Amino acid sequence: MAVLTQVEKTYHLDSVSVPVIKGVDIVVRRACFTVLMGPSGSGKTTLLNMIGCIDKPDKGEVIVAGCKVGDLTDDALSDFRAQNIGFIFQNFNLLPVLSAYENIEYPLLLAGASSKKRGERVPKLLDAVGLGDKAKYFPGQLSGGQRQRVAIARALARKPKLVIADEPTANLDSETGAAILALMRQMVERYAVSFIFSSHDPDVIKAADDTIFLKDGTIHGIRRKDEETVP
Amino acid sequence: MMTLSLAVRNLLRNRRRSLATLLAMAIGSTSILLFGGYSTNINYTMHTEYVQNGGHLQIQHRDFYLYGSGNPTAYGITDYIKILAAIQNDEVLRNMVLVATPTLQFGGIAGNYAAGVSRTIIGNGFVAEDINRMRRWNDFGLRTGSPVFALEGAVADAAIVGTGVARVLQLCDALKITRCAKPEKEQKSDGKAIPDDIAQLSQQETPAASGAAGASSRRIEVLASNARGTPNVASLQVIRAEEQGFKELDEVYVMMHLAQAQKLIYGKSPTKVTSIMLQLRHSDQIPEAVARLVPILAQFSTSQPLAVLDFRTLNPFYVQTIQMFNTIFGFIFALIGAIVLFTVSNTMNTAVVERTVEIGTLRAIGVRRAGIRRLFVTEGMLLGLCGAVLGVVLALVLSAIANQMGLTWSPPGTVEPLPLTLRVWGETGMILSTTFGLICISILSAWWPAYRAARLDVVEALRHV
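Protein sequence lines, in the order shown, are assigned to chains A and B. With my numbering as the guide, the letters of the first sequence map in order to residues 8 to 238. With my numbering as the guide, the letters of the second sequence map in order to residues 15 to 479.
Following this line, the structure appears as structure tokens:
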């Protein structure tokens, strides 16, 4: 689903250059639940941003859904993200002026989906994330877990091939976090979509198909459930 | 549609800030419209006054406007009766022209020999009935009416003078002018009657009036050079003094019947006039009327070059005044526009900072840079639209209240105080252009913050705290 080859990224802070990703090779498999594990500053979010096509590597190649995203213009990248990638953020990042229903509907509106199609798709997603009765609620009226469910539904609205989630359970209590994790796992199976998310929660590993261990911008190991650990 | 809905909701999100911005815009819009209504009323008042007194167009000898003040009678129009008839017979002009009336202007000296005083004057001969018809023109529906021209129905040798003329000629008591300061040492009259030579001249032209001349305290003698260059005198009975607005004019202006003026200047010779005033139904008919008049006048221009001048050319003071008010209006619009520009810009900049994460989110889920720009520009446009519309409503209400308060003011060149009218209602052009202008300024104000928002790096925006 996503292939990163010899990817490097350095941040420049004033006169200091900080290399955050150092020649990383990753393959994110289709319809798999992939977790990027590592301590803070290991480069998890930067890698996710590059896989999510909102950041570009300084060196190396990123291919997502068969497309070399480095060659795309900004507008083409926006369109590509809209069609192929869903995002779930740590802080949910819902639009506060839109209801749960409208937040999920928004990506469909961007795609120019008909009102009939939207009317079919949004309630299904709301039901799928267990918020069928909260359609008219605004983010401010929902709990953290409920907001994240709305965010998951929004990420899935356009049937993306890949969903990026940056520490989606970090701002949730353990019980809610576990429920969200279970929901995402369920979505992988239900919609055959690849999920890749970052976390340093050991419990998350149990739910993952693939786990990529990162440290100081390099890969320290990859564990796939159906394979042996690759050092 | 989604952009509009999102923009509206975003504006409602921080109601206090949006309301403060709206109020600033509304007050600005109201100020512009109230001043516009005030200057529009001045325009209409002056326009009406000039059209009532001089018509929309005047047919004159080509050089009368520039050189006629020195010797008006040298630029007289012959065959003016035929010209008037040609105008009346023209099927297009007939429907456009409300009044076509000849006038004669001349220079002379007016004397009150009983008081031993005299002064130079500008004499004007009018057809009184026509002047009264002209004074009824009120195409802008002004609340004030013009006084009746007192020469209508008056005796043949009747005259109206400026109050300045009456003051200098010491006619204030006779004419019962209340505000008429007398000099500290009033010039004493020696009580002598009109000198013999002047009396003889006067008798030649006005034999009927001369008998009463010495007796009446309202009589003046007007001495003028006739068409043959010899002096001639008319004895006139001043029936009224009217203030002319400007002191310079007030101290020289004398009006009489056209027949009287023609008798004074032309005697028994064929008479002429110095201009033919044409009053049209509507001011916007001027170009069409001029186009129609040119070939008609060409028929009479073989021996006398004739020209048609509109009231704007004849009254440069009007044009200058309107230009001055337009400049002030433009200056006020620019000032308020600048305030609106900075207010909306500040509001939008704050919104961009506050919603940086939201912008990052929108960009991440696939909104293009243009979409972000469109969202913020739409918010600016909505602020502009609502502020301007609110301003229009406020201006309409305030102008209606002000118009009902009965306030008066005296514009330059007018004698009687006029009702202070703020003409906002019905001025669709002004309302629309002000609204459109403020919306454009709002869009312009939002453009830079919108551009900045669209240029935000997605990752940086998502990291924003």
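Even glycine gets a Cβ: it sits at the ideal position worked out from N, Cα and C. The model shown is predicted, which means the values in this text are computed figures rather than measured ones.
Short CB-CB distance (under 7 Å) between residue i and chain B
{"i": "ASP82/A", "result": "yes"}
{"i": "ILE61/A", "result": "yes"}
{"i": "PRO238/A", "result": "At PRO238/A, the pLDDT of 48 sits below 50, so the modelled position is not reliable; the number obtained from the coordinates is stated separately. No, because no Cβ of chain B sits closer than 7 Å to the Cβ of PRO238/A."}
{"i": "PHE145/A", "result": "no"}
{"i": "SER85/A", "result": "yes"}
{"i": "LEU117/A", "result": "yes"}
Residues near residue i in its chain [Cβ-Cβ closer than 6 Å; skip 5 each side]
{"i": "ALA227/B", "result": "Note on ALA227/B: pLDDT 42, under 50, position unreliable in the model; the coordinate value appears next. Only ARG233 and SER249 meet the Cβ criterion."}
{"i": "ARG76/B", "result": "PRO319 and ALA321"}
{"i": "VAL113/B", "result": "ASP144, ARG147, MET148 and GLN293"}
{"i": "PHE120/B", "result": "PRO86, THR87, GLY137, ALA238 and ILE279"}
Within chain B, partners of residue i - CB distance below 7 Å
{"i": "ASN56/A", "result": "VAL473"}
7 Å Cβ shell around residue i - same chain, five flanking residues per side excluded
{"i": "ASP278/A", "result": "In the structure displayed, chain A extends from 8 to 238; residue 278/A sits before or after that span and is not available."}
{"i": "LEU399/B", "result": "ILE453"}
{"i": "PRO431/B", "result": "THR422, TRP423 and SER424"}
{"i": "ALA21/B", "result": "LEU389, THR392, GLU393 and LEU396"}
{"i": "GLN184/B", "result": "ASN126, ALA129 and VAL131"}
{"i": "ALA241/B", "result": "THR87, ILE279, TYR280 and SER283"}
{"i": "LEU18/B", "result": "THR392"}
Closest residue to residue i among the options (Cα-Cα distance)
{"i": "SER206/A", "options": "PRO175/A, MET194/A and ALA185/A", "result": "PRO175/A"}
{"i": "LYS168/A", "options": "LEU190/A, GLY30/A and VAL71/A", "result": "VAL71/A"}
{"i": "LYS232/A", "options": "THR41/A, VAL157/A and SER24/A", "result": "THR41/A"}
{"i": "PRO103/A", "options": "VAL157/A, GLY50/A and GLY139/A", "result": "VAL157/A"}
{"i": "ASP32/A", "options": "ASP82/A, PRO130/A and LYS16/A", "result": "LYS16/A"}
{"i": "GLN193/A", "options": "LYS141/A, GLY137/A and LYS51/A", "result": "GLY137/A"}
{"i": "THR335/B", "options": "ARG23/B, MET60/B and GLY42/B", "result": "MET60/B"}
{"i": "LEU117/A", "options": "ILE95/A, ASP86/A and GLU127/A", "result": "ASP86/A"}
{"i": "ASN178/A", "options": "ALA160/A, VAL25/A, GLY151/A and PHE220/A", "result": "GLY151/A"}
{"i": "ASP145/A", "options": "THR183/A, LEU101/A and LYS131/A", "result": "According to the sequence as given, residue 145/A is Phe; it is not Asp. For PHE145/A, the nearest C-alpha among the options comes from LEU101/A."}
{"i": "ALA34/B", "options": "TRP462/B, ARG466/B and GLY401/B", "result": "GLY401/B"}
{"i": "GLY405/B", "options": "GLU257/B, MET39/B and ALA238/B", "result": "MET39/B"}
{"i": "THR244/B", "options": "ILE253/B, VAL367/B and GLY281/B", "result": "GLY281/B"}
{"i": "SER47/A", "options": "VAL170/A, VAL27/A, ASP140/A and ALA164/A", "result": "VAL27/A"}
{"i": "VAL182/B", "options": "ARG437/B, GLU256/B, GLU265/B and TYR52/B", "result": "GLU265/B"}
{"i": "ARG29/B", "options": "ALA365/B, LEU408/B and LEU80/B", "result": "ALA365/B"}
{"i": "ASP82/A", "options": "CYS60/A, SER24/A and VAL200/A", "result": "CYS60/A"}
{"i": "ALA312/B", "options": "VAL111/B, ILE97/B and ARG108/B", "result": "ILE97/B"}
Contact set between residue i and chain A, taken where Cβ atoms lie within less than 7 Å
{"i": "VAL371/B", "result": "ASN100"}
{"i": "ARG23/B", "result": "VAL104"}
{"i": "LEU33/B", "result": "The premise fails here: LEU33/B is roughly 17 Å from chain A at the closest Cβ pair, so nothing lies under 7 Å."}
Test: residue i CB closer than 7 Å to a CB of chain A
{"i": "ILE386/B", "result": "no"}
{"i": "MET362/B", "result": "no"}
{"i": "ARG466/B", "result": "no"}
{"i": "ARG157/B", "result": "no"}
{"i": "MET39/B", "result": "no"}
Residue i: contacting residues in chain B (beta-carbon distance under 8 Å)
{"i": "ARG88/A", "result": "ALA378, ILE379 and GLY380"}
{"i": "LEU79/A", "result": "Chain B residues near LEU79/A: none, gap ~12 Å exceeds 8 Å."}
{"i": "LEU43/A", "result": "Chain B residues near LEU43/A: none, gap ~16 Å exceeds 8 Å."}
Proximal chain A residues relative to residue i, where beta-carbon distance stays under 9 Å
{"i": "THR375/B", "result": "PHE94, PHE96, ASN100, LEU101 and LEU102"}
{"i": "ARG30/B", "result": "Chain A residues near ARG30/B: none, gap ~16 Å exceeds 9 Å."}
Per-residue contacts from residue i into chain B (C-beta, under 9 Å)
{"i": "PRO114/A", "result": "ILE379 and GLY380"}
Contacts of residue i in chain A (Cβ-Cβ under 8 Å)
{"i": "ARG383/B", "result": "ASP81, ASP82 and SER85"}
{"i": "ARG469/B", "result": "Simply none; closest approach about 10 Å."}
{"i": "LEU18/B", "result": "Residues of chain A passing the Cβ test: none, with the nearest at roughly 12 Å."}
{"i": "ARG27/B", "result": "PRO103 and VAL104"}
Other residues of its chain near residue i: CB distance less than 8 Å, five sequence neighbours each side excluded
{"i": "ASP65/A", "result": "GLU15, LYS16 and THR17"}
{"i": "GLY77/A", "result": "LYS63, PRO64, GLU68 and VAL69"}
{"i": "ALA189/A", "result": "ALA214"}
{"i": "ALA195/B", "result": "ARG181"}
Exercise. Got a sec: which bits of the segment 432 to 455 of chain B sit with their beta carbon under 9 Å from any beta carbon on chain A, in order along the chain?
Worked result: Across the segment 432 to 455 of chain B, no CB contact with chain A closer than 9 Å is found for any residue.
Exercise. At a Cβ cut of 9 Å, what residues of the segment 384 to 410 of chain B count as close to chain A, listed as they run along the chain?
Worked result: If the cut-off is 9 Å between Cβ atoms, the segment 384 to 410 of chain B has ALA384 and GLY385 near chain A.
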